[in-house]
Amino acid sequence: VMSTSGSDVVVGAATTPATTDGATAAPDQDPMMPAYYFVKWITWKEKRTPIITQSENGPCPLLAIMNVLFLRWKAKLPAQTEVITTEDLMAHLGECVLSIKPREKAEGMELNFQQNMSDAMAVLPKLSTGLDVNVRFMGVSDFEYTPECIVFDLLDIPLYHGWLVDPQSLEMVSAVGKLSYNQLVEKIIDYKHSSNSSRVSEGLVAEQFLESTATQLSYHGLCELNATAKEGELSVFFRNNHFSTMIKHKGHLYLLVTDQGFLQEEGLVWESLHNVEGDGNFCDSDFRLCHPPQRSAAVMQPEDLTPQQQQRQIDQDYLVAMSLQQQQGVAPGPLSDLELARRLQEEEYQQQQQQQQPQQPQPGPSQAPGQQVTNWSVRLRAPSAGLNVVLQRTSM
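Okay, so the sequence shown: first residue is 1 according to UniProt numbering, each after it adds one.
Here is the structure:
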């Protein structure tokens with residue numbers, strides 16, 4: 001039985017003080033949440049399986065939960081699906097919840113199950129904006145319990161964190177105790193302003209714990225994660241206001257790579273979680289080590305690319321354009337194709353200015369030294385491809 005997540009802004013705002021960033025993942029207050037996500041298809045245990053990517057890290061437990069369900073094949077998408085809306089994801093999640101059957105037939109248990117189902121369906125919309133998660137520092141599955149965690153329990157998805165106090169540091173154990181993050185912050189503020197010197201000292205020790213574990217993952221927590229997670233178990237891992245899909249494979253922990261920048265890299269699926277610094281190794285779907293592609297300093301000419309590479313570049317360019325729209329708070333529809341091309345060309349120019357190399361081809365008369373000019377034009381793709389407008393680059 002897990003004590004898991006917290007509540008969303010409507011339910012939890014009154015019980016969760018506005019403290020510092022950290023163990024509490026406040027719901028996203030941005031009204032311009034992306035209404036759609038790009039789908040990446042991988043080969044998972046010899047089956048074509050979709051996973052949902054995102055353009056920015058954020059408190060979105062919906063994606064982490066749905067990726068667990070996709071990897072378990074509890075939820076499925078039509079083959080070749082490229083984009084999915086938040087509403088469709090919510091519908092798939094609702095179907096998964098409604099398909100759950102009570103484990104026991106006793107009358108009391110069945111009534112309790114029906115109440116849990118009702119509570120879960122009521123909180124589903126909050127998953128797309130974030131849950132207010134409040135960790136406790138004594139166990140990797142120890143969170144302040146609120147009714148919203150019933151979604152994880154019903155779907156049998158463990159929720160973990162790795163922000164634990166080292167039991168060998170008795171002074172810190174005494175200062176932190178069984179408090180939640182919010183309670184600990186309140187204690188620090190209270191004790192540091194106390195007239196009692198011992199309380200001031202204890203408050204400083206508690207503050208030192210938060211500062212020394214600013215990555216929200218301690219080595220003791222990492223060891224406990226390895227010990228607690230079961231082999232082959234898919235779970236959700238919370239850290240730094242972000243929810244990730246996690247798995248344990250042959251005694252090692254891996255996080256699902258959902259960065260939209262790797263959308264076209266089918267072989268790049270997992271990232272190892274083996275230290276607190278967060279510099280894990282990338283692996284494919286069979287957990288074999290792989291390396292992300294390195295972008296060359298010089299942009300390849302279109303005539304040097306194969307048709308497949310050209311189409312792949314076009315798709316990547318389109319995704320960059322859509323990401324630019326999202327970052328500037330613009331809905332996908334209103335911008336004209338010409339405006340998209342203009343913005344993408346500006347972005348390309350800025351990137352080249354930042355990534356100039358010491359050795360560059362000899363510039364032409366109308367080119368600045370070390371600068372390559374890339375123009376963007378708009379062309380149409382067949383509607384059957386799923387995206388109707390793409391952008392094509394030409395280099396000079």
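We treat Cβ as the ideally placed atom computed from N, Cα and C, and that holds for glycine.
Please classify residue i: is it buried, with 16 or more other beta-carbons within 10 angstroms of its beta-carbon, or exposed?
i	result
R48	exposed
E271	buried
P61	buried
P50	buried
S195	exposed
M134	Note on identity: in this sequence residue 134 is Asn, with Met being the wrong assignment. N134 comes out buried.
L98	exposed
T129	buried
A214	exposed
N112	exposed
S285	buried
K101	exposed
Q372	With a pLDDT of 48 at Q372, under the threshold of 50, the modelled position of this residue cannot be trusted; read the value that follows with caution. Buried is the call here.
S244	buried
V83	exposed
S218	buried
K40	buried
So the candidates are the options; which of them puts its Cα closest to the Cα of residue i?
i	options	result
M246	V151, F262, L255, E87	L255
H161	L69, I42, H242	H242
P292	V276, G278, V257	V257
L253	V123, G261, T228	T228
C96	D284, L69, P102	L69
E87	N116, L127, L111, P102	L127
L131	Q115, N116, I150, L179	I150
Q168	E233, H92, H220, K45	H220
N275	E231, Q216, I84	Q216
Assuming residue i contacts residue j (C-beta within less than 8 Å), just tell me the rounded distance between them.
i	j	result
E171	V205	5 Å
E224	L164	6 Å
Would you tell me roughly how many angstroms separate the C-alpha atoms of residue i and residue j, rounded to the nearest one?
i	j	result
Q327	Y37	Bear in mind that the predicted position of Q327 carries a pLDDT of just 47, short of 50, making it unreliable; the figure below should be weighed with that in mind. Going from the Cα of Q327 to the Cα of Y37 covers about 14 Å.
M121	Y181	28 Å
L184	R239	17 Å
S198	I157	42 Å
Q80	F137	43 Å
D166	I189	22 Å
Q264	E207	43 Å
A64	E148	15 Å
R72	G203	45 Å
C283	E266	11 Å
H193	E186	11 Å
G278	L210	18 Å
N67	V236	9 Å
residue 408	A91	It is not possible to answer for residue 408, since the shown part of the chain is limited to 1 through 396.
T85	Y145	30 Å
D142	V173	15 Å
E46	G232	16 Å
N116	S212	39 Å
Y191	Q114	45 Å
G251	Q260	28 Å
V230	G139	The question names Val, but residue 230 is Lys in the sequence shown. Between K230 and G139, the C-alpha separation is close to 15 Å.
L234	S118	25 Å
L77	L155	19 Å
Q54	T43	19 Å
S296	G280	For S296, the predicted structure reports a pLDDT of 42, less than 50, and the residue's modelled location is therefore unreliable. The matter cannot be settled from this model.
N226	K178	21 Å
Return yes when at least one heavy atom of the ligand SAH lies under 7 Å from the C-beta of residue i, else no.
i	result
M66	The ligand SAH is not part of the structure shown, which contains no ligands of any sort.
Can you find the residues in the same chain that come closer than 6 Å, C-beta to C-beta, to residue i, ignoring five residues on each side of it along the sequence?
i	result
F262	L268
K74	C96
For residue i, which residues in the same chain have their Cβ closer than 8 Å to its Cβ, ignoring the five residues on either side in sequence?
i	result
G94	M121, L124
Among the residues of its own chain, which have a CB less than 7 Å from the CB of residue i, if the five just before and after it don't count?
i	result
F287	H249, Y254, W270
V176	F137, V165, L184, A206, F209
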